[in-house]
Amino acid sequence: MLLELDAISKIFDSGTVALEGVSLQVAEGELLSLVGPSGCGKSTLLRLIAGLIQPTAGSVSFAGGKPETAFVFQEPTLMPWADVLTNARLALDLEHVPRREGEARAAAALARAGLKGFEHAYPRELSGGMKMRVSIARAIAARPRLLLMDEPFAALDEPARQALNDDLLGLWREDGLTIVFVTHSIYESAYLSTRVVVMGARPGRVLDDIALDQPFPRDERHRFTPQFAAAAAKIAAAIKEKAG
Amino acid sequence: MNMLWKYALPALLGIAVVAAWQGAVRALAVPVYLVPAPSDVWAAFLGDAPSLLASLWATLEVTLIAFACALVGGVALAVLFSQSRTVEAMLYPYAIVLQVTPVVAVAPLLLIWVGYDHVERALVLIAFLVAFFPILSNTTLGLKSTDHNLVDLLRLYGAGRWQILWRLKGPTALPYLLGGAKIAGGLALIGAVVAEMVAGSGTATGLGWRIVEAGNRLEIAKMFAELTLLALLGIAIFATLSAVEHAALRHWHESVLKKDG
Ligand SMILES: Nc1ncnc2c1ncn2[C@@H]1O[C@H](COP(=O)(O)OP(=O)(O)OP(=O)(O)O)[C@@H](O)[C@H]1O
Ligand SMILES: [Mg+2]
Numbered sequence: 012m013l014l015e016l017d018a019i020s021k022i023f024d025s026g027t028v029a030l031e032g033v034s035l036q037v038a039e040g041e042l043l044s045l046v047g048p049s050g051c052g053k054s055t056l057l058r059l060i061a062g063l064i065q066p067t068a069g070s071v072s073f074a075g076g077k078p079e080t081a082f083v084f085q086e087p088t089l090m091p092w093a094d095v096l097t098n099a100r101l102a103l104d105l106e107h108v109p110r111r112e113g114e115a116r117a118a119a120a121l122a123r124a125g126l127k128g129f130e131h132a133y134p135r136e137l138s139g140g141m142k143m144r145v146s147i148a149r150a151i152a153a154r155p156r157l158l159l160m161d162e163p164f165a166a167l168d169e170p171a172r173q174a175l176n177d178d179l180l181g182l183w184r185e186d187g188l189t190i191v192f193v194t195h196s197i198y199e200s201a202y203l204s205t206r207v208v209v210m211g212a213r214p215g216r217v218l219d220d221i222a223l224d225q226p227f228p229r230d231e232r233h234r235f236t237p238q239f240a241a242a243a244a245k246i247a248a249a250i251k252e253k254a255g
Numbered sequence: 010m011n012m013l014w015k016y017a018l019p020a021l022l023g024i025a026v027v028a029a030w031q032g033a034v035r036a037l038a039v040p041v042y043l044v045p046a047p048s049d050v051w052a053a054f055l056g057d058a059p060s061l062l063a064s065l066w067a068t069l070e071v072t073l074i075a076f077a078c079a080l081v082g083g084v085a086l087a088v089l090f091s092q093s094r095t096v097e098a099m100l101y102p103y104a105i106v107l108q109v110t111p112v113v114a115v116a117p118l119l120l121i122w123v124g125y126d127h128v129e130r131a132l133v134l135i136a137f138l139v140a141f142f143p144i145l146s147n148t149t150l151g152l153k154s155t156d157h158n159l160v161d162l163l164r165l166y167g168a169g170r171w172q173i174l175w176r177l178k179g180p181t182a183l184p185y186l187l188g189g190a191k192i193a194g195g196l197a198l199i200g201a202v203v204a205e206m207v208a209g210s211g212t213a214t215g216l217g218w219r220i221v222e223a224g225n226r227l228e229i230a231k232m233f234a235e236l237t238l239l240a241l242l243g244i245a246i247f248a249t250l251s252a253v254e255h256a257a258l259r260h261w262h263e264s265v266l267k268k269d270g
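Going line by line, the protein sequences match chains B and P.
Taking this note's numbering, the leading residue of the first sequence gets 12, the next gets one more, and so forth.
Taking this note's numbering, the leading residue of the second sequence gets 10, the next gets one more, and so forth.
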């Protein structure tokens, strides 16, 4: 196990019970999707895993010590005053990686995210999809073992989203990292994941845990296979049944 | 709008107004102690140029020192506020009291206390008090305007509070600070002139005092010359600060980006 959530509850100061009794184990190398209705605590769960907030009850533990963790938000969340390369270098600068090396690593991450040649552009000069790529490059430049993504592609159009899904799968396979991915899209979770955790709202809790045993690598053609349709149907049914 | 229009249009208007003014004063034979013609103003300036320029310099000096102090003090206090809510809660009300109290009313007291031996110190203090608040309040607001997700991201990557301040809050606050500085530059000049006017006679040598003096002697043309110098000084200060703002923000901030192209 890479990480284990044990009977987590989170009650905010406002009194909102965002999560109640959530237990979840994530193994090394998984690409786990969290799906569920708005307000069921997906973002809260991700922030708990990252250690940005503390649980009210229960515990978050990491078997091998807290791994290098990177976070990708729904919005690109770039620093508008810094160029693309400087943005991608953020984690490296904070770790005091020497400037040369940091630049080289950030540039490599940008190239992998398909942004070669845009190193010195400013965020405002980029399209929404490109900004999201910068945000992903910034995350992978940190060489995380655990990548947390909160609806990273929600604001993008379908072709851009699918292209980024494929890029993400490539990164995941090459780097062997563990990804926890929040999405509203059943199809996205069915396409990407090794496992889908279905959550319910009020209070936020785990309703179902579905392992997807379809083969990798997956590509565009996978979207038209019966296995894909079956997986999507299974996730949809879980959301509908358990929530109702 | 292209550059030619941006500068040519106001310049043309200015020339037209001055010409009309000159023509009207001459045609109606208005006495020079009521409304001087532009040529009279020019003559008054030439007649006393060295001492007027010395006064201009004196006012500029007070303004610049006060502005620099306001900049350093306002930013330092805003940073302190951003690091400690307790300090902010304790001091901010007093900063507001300073701001809402008309400084002109306090000026005579400050002149007695601080300016007894060194009038220029009192002048600087008064101008500083006027200029300080917009920098403090704007910078405080700017330091609070950071993207919370970015703060979280920096924390996740191990940044401490000073790194968050330096890498995130500072750049976020910069446009606010520069906006405040633009206001403060003009206010420092106003503060300096008001202080000179209140300080009056003797040791004060700035344009504020010279205007009072010219008024007392009914030297209206000279008064106009002094007013014009002050206006030019104000414009120069504003233009300099605008240029600094533009240079600092041109790559990224909405306020200075061209709409197209
Ligand atoms: N900082 C906070 N303070 C108070 N309540 C909060 C806070 N953050 C989240 N909540 C509440 O906790 C609940 C879960 O929020 P969360 O953002 O985790 O949901 P989500 O599943 O990510 O929703 P969405 O799909 O809309 O992003 C909501 O009711 C929300 O209002
Ligand atoms: Mg969310």
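Even for Gly, the Cβ is constructed at its ideal location relative to N, Cα and C.
Next on the checklist: According to DSSP, is Ala29/P part of a helix, a strand, or is it coil?
Outcome noted: helix
query = Can you check whether the CB of Arg156/B is closer than 7 Å to the CB of Glu79/B?
reply = yes
Practice problem: Quickly, what does DSSP pair Phe90/P with across the bridge? List them, please. | Solution: Bridge partners of Phe90/P: none, in fact.
With a Cβ-Cβ cutoff of 7 Å, do Phe54/P and Ala234/P count as a contact?
yes
Q) So with Cβ pairs under 7 Å, would you call Leu241/P a contact of chain B? A) no
Does Ala234/P come out as helix, strand or coil in the three-state DSSP assignment? helix
| query | With distances taken between CB atoms, is the gap from Arg206/B to Leu43/B smaller than 7 Å? | reply | Yes, they are a contact pair.
- Message: Which residue marks the beginning of the alpha helix (DSSP H) containing Gly151/P, and which one marks its end?
- Response: Val128 to Lys153
- prompt: Exposed or buried, which one is Ile121/P when buried takes at least 16 other CB atoms within 10 Å?
  reply: exposed
Checklist line | Inter-residue spacing [alpha-carbon to alpha-carbon] between Ala240/P and Leu69/P | finding: One Cα belongs to Ala240/P, the other to Leu69/P, and the distance between them is close to 12 Å.
Assign Lys15/P to one of two classes, buried (16 or more other C-beta atoms within 10 Å of its C-beta) or exposed (fewer than that).
exposed
* Asked: Tell me the DSSP bridge mates of Met210/B?
  -> Val217/B
Worksheet item: If we cut at 7 Å on Cβ distances, does Asp161/P have a partner in chain B?
Response: yes
Mind checking Phe23/B: buried by the 16 CB within 10 Å criterion, or exposed?
exposed
- Query: Is any heavy atom in ligand 2 found nearer than 6 Å to the beta carbon of Ser54/B?
  - Reply: yes
* Asked: By the criterion of Cβ-Cβ separation under 8 Å, what are the contact partners of Asn158/P in chain B?
  -> Phe84, Glu86 and Thr88
So is Leu63/B in contact with chain P if we call contact Cβ pairs under 7 Å? yes
Chain P within 7 Å of Tyr202/B, Cβ atoms only
Contacts with chain P at 7 Å (Cβ-Cβ) do not include Tyr202/B.
- Ala168/P versus chain B: which residues are under 8 Å apart at the beta carbon? Per Cβ cutoff of 8 Å: Leu105.
Output needed in chain order: residues of the region 129 to 161 of chain B with a Cβ under 8 Å from some Cβ in chain P. Tyr133, Pro134, Arg135 and Ala153
**Report entry** C-beta atoms of Asp161/B and Phe84/B nearer than 7 Å
**Finding:** Result yes, Cβ atoms of Asp161/B and Phe84/B sit closer than 7 Å.
Discussion item. If the cut-off is 7 Å on Cβ atoms, which residues from the region 177 to 210 of chain P count as contacting chain B, listed in chain order?
Written reply: Pro180
Short of 6 Å in beta carbon distance, which residues of its chain neighbour Arg100/B, apart from the five on each side in sequence? Order them along the chain. If we look at Arg100/B and ignore the five residues flanking it on each side, its Cβ neighbours are Gly113 and Ala117.
- When the Cα of Gly69/B is compared with those of Asp17/B, Thr27/B, Pro163/B and Phe192/B, which residue comes out closest? Asp17/B
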